[in-house]
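Trainee: Taking my numbering as reference, the numbering of the sequence shown is continuous, increasing by one, and the terminal residue is 292. All C-beta atoms, glycine included, are put in the ideal place defined by N, C-alpha and C.
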Amino acid sequence: MKKRAKLTNTALLTAVFATSAAQMAQAGFTVNDLYIGFGESTATSDYIIDLGQPASGSTVVDLSSDFSLATFNSVFTGGASGVMVAIVGGDNVFGQYGVYATQVRIGGAGDPSVPGSSLTAAHSSTAMSGGAAAVSSILSSTVNGLPTAGNSVVDSTKSYTSVVDTTGVQNNFIGKTGVNPAGTIDSSGVIYEDLYHATTSSPYTYLGYFTVDPGASSITFTPAAAVPEPGTCAILGTGLLGVLLRRRISRKTA
């Protein structure tokens, strides 16, 4: 039996799984678990994985063992290009409402130190609780629950698509929160999505970014604390002028 570390403050989830049967394990909605959904307009099913609890550690987390390329290819026979990817989660408990949502990178994919997207939606209790409740409703009436952490499910009812990433629907995740968490994989076969979290008392905060590369059977999460910052040496240069400037900076900050 293979064990995975849980996404606490430094890791991304707890999952114990060994067989393909375990990979289809189902349970009820888990507060603040992150659910990644893959969907495509011509596909007959959605592919949904529970990535577990998010974290703010300083180490890149490899979630690739949660992903099955064989399952992905069986659902999306035309390949990864054009497949929509969204990651959502939340807390629908009264008094502690909150939501997690991704935004596809629109300008920062080439610079890991700069998020390529941002979220500015309103943060009313209705939006927070409604968004989390929408996530909890995925699969609830069709397959008896969402997958457990580290596990996946193929949903022929395409509930993830309808509940999470279809625009123009009043009571789904977008309708409740004003946020569309989905992005579409392009011809590169890779997608970057920034992860944000908000509560009724705090605006959306950048937590880091996901890199999803189905062709390489890879899903990773880079927490904000692990995002590289531009190096002082690279900025100032390595010549004599750079040395003098660095000495001047160090004296000012001493």
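Could you say which of Thr-215, Ile-87, Val-123 and Ala-118 lies nearest to Leu-22 if we only look at CA atoms?
Mentor: With the chain covering 39 to 292 only, the question about residue 22 has no answer from this structure.
Trainee: In angstroms with no decimal places, state the Cα-to-Cα distance between Ile-125 and Ser-167.
Mentor: In the sequence shown, counting from the first residue as 1, residue 125 sits at position 87. In the sequence shown, counting from the first residue as 1, residue 167 sits at position 129. Looking at the two C-alpha atoms, the distance is approximately 17 Å.
Trainee: Please report the distance separating the alpha-carbon of Tyr-73 from that of Gly-206.
Mentor: Here residue 73 refers to the residue found at position 35 when the sequence shown is read from its first residue. Here residue 206 refers to the residue found at position 168 when the sequence shown is read from its first residue. For Tyr-73 and Gly-206, the distance between alpha carbons rounds to 21 Å.
Trainee: What are the start and end residues of the beta strand (DSSP E) that includes Leu-300?
Mentor: Beyond the ends of the chain as shown, which are 39 and 292, falls residue 300; an answer cannot be given.
Trainee: How many Å lie between Thr-180 and Lys-196 at the Cα?
Mentor: As a position in the sequence shown, residue 180 is number 142, starting the count at 1. As a position in the sequence shown, residue 196 is number 158, starting the count at 1. C-alpha separation (whole angstroms): 10 Å.
Trainee: Could you say if the stretch 236-244 and the stretch 74-93 meet the contact criterion of at least three C-beta pairs nearer than 8 Å?
Mentor: As far as the Cβ criterion goes, the stretch 236-244 does not touch the stretch 74-93, which means the pair count is below three.
Trainee: Provide the residue span of the alpha helix (DSSP H) that contains Ile-212, from first to last.
Mentor: Along the sequence shown, one-based indexing puts residue 212 at 174. 211-215 is the extent of the alpha helix (DSSP H) around Ile-212.
Trainee: Give me the residue from Thr-258, Thr-249 and Ser-255 with the minimum Cα distance to Gly-148.
Mentor: What you label residue 148 is simply residue 110 of the sequence shown in a count that begins at 1. Residue Thr-249 is the option with its Cα nearest to Gly-148.
Trainee: Measuring straight from C-alpha to C-alpha, what distance separates Arg-5 and Ser-151?
Mentor: The shown model of the chain, from 39 to 292, leaves out residue 5, and the question about it has no answer.
Trainee: Per DSSP, Gln-141 is paired with what?
Mentor: Residue 141 sits at position 103 when you count from the first residue of the sequence shown. Beta-bridge pairing links Gln-141 to Asp-232.
Trainee: Tell me, please, which residues DSSP counts as bridged to Ala-220.
Mentor: What you label residue 220 is simply residue 182 of the sequence shown in a count that begins at 1. Per DSSP, Ala-124.
Trainee: Contact between the stretch 182-190 and the stretch 78-88 is defined here as three or more beta-carbon pairs at a separation below 8 Å; is this criterion met?
Mentor: Output reads yes: the stretch 78-88 touches the stretch 182-190.
Trainee: Check whether the Cβ atoms of Ser-103 and Ala-264 sit closer than 7 Å, and answer yes or no.
Mentor: Walking along the sequence shown from the start, residue 103 turns up at place 65. Walking along the sequence shown from the start, residue 264 turns up at place 226. Going by C-beta atoms, Ser-103 is not nearer than 7 Å to Ala-264.
Trainee: Determine the extent of the alpha helix (DSSP H) in which Val-201 is found, giving its start and end residues.
Mentor: Reading the sequence shown from its first residue, position 163 is the one you call residue 201. Start and end: 197-202.
Trainee: Who are the Cβ neighbours of Ala-59 in its own chain at under 8 Å, not counting the five residues just before and after it?
Mentor: On the sequence shown, position 21 is the one that residue 59 refers to. Model confidence at Ala-59 stands at a pLDDT of 36, short of 50, so the residue's coordinates are unreliable and nothing is read from them.
Trainee: Measuring CB to CB, does Asp-232 end up less than 7 Å from Gln-91?
Mentor: For this step, residue 232 is matched to residue 194 along the sequence shown. For this step, residue 91 is matched to residue 53 along the sequence shown. Their beta carbons are not under 7 Å apart, which means Asp-232 does not touch Gln-91 by this criterion.
Trainee: Can you list, in chain order, the residues of its chain with a C-beta nearer than 7 Å to that of Tyr-198? Leave out the 5 residues immediately preceding and following it.
Mentor: Counting from one through the sequence shown, the residue named residue 198 turns up at place 160. Taken in chain order, the residues that qualify are Gly-75, Gly-77, Asp-84, Ile-86 and Ile-176.
Trainee: Could you give the first and the last residue of the continuous alpha helix (DSSP H) run that contains Val-113?
Mentor: On the sequence shown, residue 113 is found 75 positions in, with the first residue counted as 1. Looking at the DSSP string, the run of the alpha helix (DSSP H) that includes Val-113 is 107-113.
Trainee: Given that a residue counts as buried once 16 or more other Cβ atoms are within 10 Å of its Cβ, and exposed if not, what is Asn-209?
Mentor: Sequence index remark: in the sequence shown, residue 209 carries index 171 (1-based). Counting Cβ neighbours within 10 Å, Asn-209 comes out exposed, since fewer than 16 surround it.
Trainee: Among residues of its own chain, excluding the 5 on either side of Asn-70, which ones have a beta-carbon nearer than 8 Å to its beta-carbon?
Mentor: On the sequence shown, residue 70 is found 32 positions in, with the first residue counted as 1. Result list for Asn-70: Gln-91, Pro-92, Gly-127, Gly-128, Asp-129, Gly-136 and Tyr-138, in chain order.
Trainee: Spell out the partners DSSP gives Phe-67 in its beta bridges.
Mentor: Along the sequence shown, read from residue 1 onward, the residue named residue 67 stands at position 29. Phe-67 pairs with nothing; no bridge assigned.
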